[in-house]
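Numbering (UniProt numbering), first residue to last: 1 to 347.
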């Protein structure tokens, strides 16, 4: 096929038209607050209840965010009959246990990334959701953005040919009192930041056949940064890096035999990208305002509502197989670099 002369347009429906569901928020941290703010501003979703580890914490969170009901335990939250879907927004090492709790209570579940700490944990949740006929998805919000729908259409069209390599990274600065430095909360950048580049690689190239790389440990006991090279069965190479010591461009480039995709800002956030022909003679630019969490989390909330209202058990924007592929790759990175999450184990 010839190289396209125009980019497709996003097919994502108006988030305001998504059916209004009653949400229960499991966890009362920063990402839960961002999710509520964004969805309230741009959708008709209803935030009915919050559950926390203590009644006092739940009461405070609910009062400050005008949420009608506050539950002093997660068990009470998932038992609430007036909730349609649970949003799990607790630390990484608790995602599996809390999602399982909600599924066993008969609730649809939307889990902050990563869905679980391993492929085995993720597969257990997927099997449980299918057994109970419930919706389940990972809240990796990047893939619900309009630009990623456009990108998916570009990739599906074969415009860039066979993908040969992907180059991507993600770094941020964190103060020393941040939970990312806490071994008991599965700290280190891999789960917080690295899931973005790793999921991007596995989305486009599948589970790697081989992983090599290196890490640097932080004095806190968590890994402070890492860099890995991933190769597929054909020998095509991708590389990713992540660090908690400072902000990086957080960019990505996808190189194909017929063209490439280059991002004009952080690849995981709302913003532009360029589709270029292999020789650089044709450049097609996708533009949207650069934004952060508040400007993008509502897309995933609307998609979850559409899926559940339609009786679907998963979303095509972040299919369960894609989540499991990332978790399989995560297992390989953890094993190869000898990253330990022993301190974060529960139960």
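We put the CB at the ideal spot given by N, CA and C, even for glycine.
- Distance from residue 297 to residue 52 at the Cβ level is roughly 20 Å; contact not present, criterion being Cβ atoms closer than 8 Å.
- Going by DSSP, residue 166 is part of the beta strand (DSSP E) stretching over 163 to 171.
- One thing to note: residue 134 has its Cβ within 7 Å of the Cβ of residue 108.
- Note on residue 84: 16 or more other CB atoms within 10 angstroms of its CB, so buried under the neighbour-count rule.
- If one requires a minimum length of 3 residues, the beta strand (DSSP E) runs lying completely within the region 67 to 141 are 69 to 71, 85 to 88, 108 to 112 and 136 to 139, in chain order.
- Counting other Cβ atoms within 10 Å of its Cβ, residue 30 stays below 16 and is therefore classed as exposed.
- Taking 7 Å as the cut-off, the beta carbon of residue 228 is found closer than this to the beta carbon of residue 333.
- Residue 317 counts as buried, since no fewer than 16 other beta carbons sit within 10 angstroms of its beta carbon.
- Here residue 287 has 272 as same chain residues with Cβ atoms under 6 Å from its own Cβ, once five neighbours each way along the sequence are excluded.
- With a cutoff of 7 Å on beta-carbon distance, residue 46 and residue 65 are scored as not near each other.
- Between residue 326 and residue 202 the beta-carbon gap is near 5 Å, inside 8 Å, which marks them as a contact.
- With a 10 Å radius around the Cβ and a threshold of 16 neighbouring Cβ atoms, residue 218 comes out buried.
- Annotation note: the region 175 to 227 contains the following uninterrupted alpha helix (DSSP H) runs of length 4 or greater, listed N- to C-terminal: 195 to 205.
- Beta-bridge partners assigned by DSSP to residue 23: 47 and 85.
- The three-state reading of DSSP puts residue 18 in coil, since its state is none of H, G, I, E or B.
- Looking at the DSSP output, residue 275 shares a beta bridge with 261 and 284.
- Taking a C-beta distance under 7 Å as the contact criterion, residue 62 and residue 56 do not qualify as a contact pair.
- Rounded to whole angstroms, the gap between the alpha carbons of residue 187 and residue 128 is 27 Å.
- Judged by DSSP secondary structure, residue 150 falls within the alpha helix (DSSP H) whose first and last residues are 146 to 157.
- Annotation: the continuous alpha helix (DSSP H) that includes residue 337 extends over 320 to 337.
- If you check the CB distance, residue 87 and residue 25 come in under 7 Å.
- With 16 or more other CB atoms across the displayed protein chains lying within 10 angstroms of its CB, residue 43 is buried.
- Excluding sequence positions up to five before and after residue 59, its CB lies within less than 7 Å of the CB of 70, all in the same chain and listed in chain order.
- Of the residues 50, 20, 89 and 5, the one whose Cα lies closest to the Cα of residue 302 is 20.
- Following the DSSP letters along the chain, one finds residue 38 inside the alpha helix (DSSP H) bounded by residues 30 to 42.
- Here residue 74 is buried: its Cβ has 16 or more other Cβ atoms, across all protein chains shown, within 10 Å.
- Of the residues 269, 299 and 260, the one whose Cα lies closest to the Cα of residue 281 is 260.
- Between the alpha carbons of residue 311 and residue 264 lies a distance of about 37 Å.
- Under DSSP, residue 238 forms a beta bridge with 166 and 230.
- Between the beta-carbon of residue 299 and that of residue 145 there is about 6 Å, and that keeps the pair under the 8 Å contact cut.
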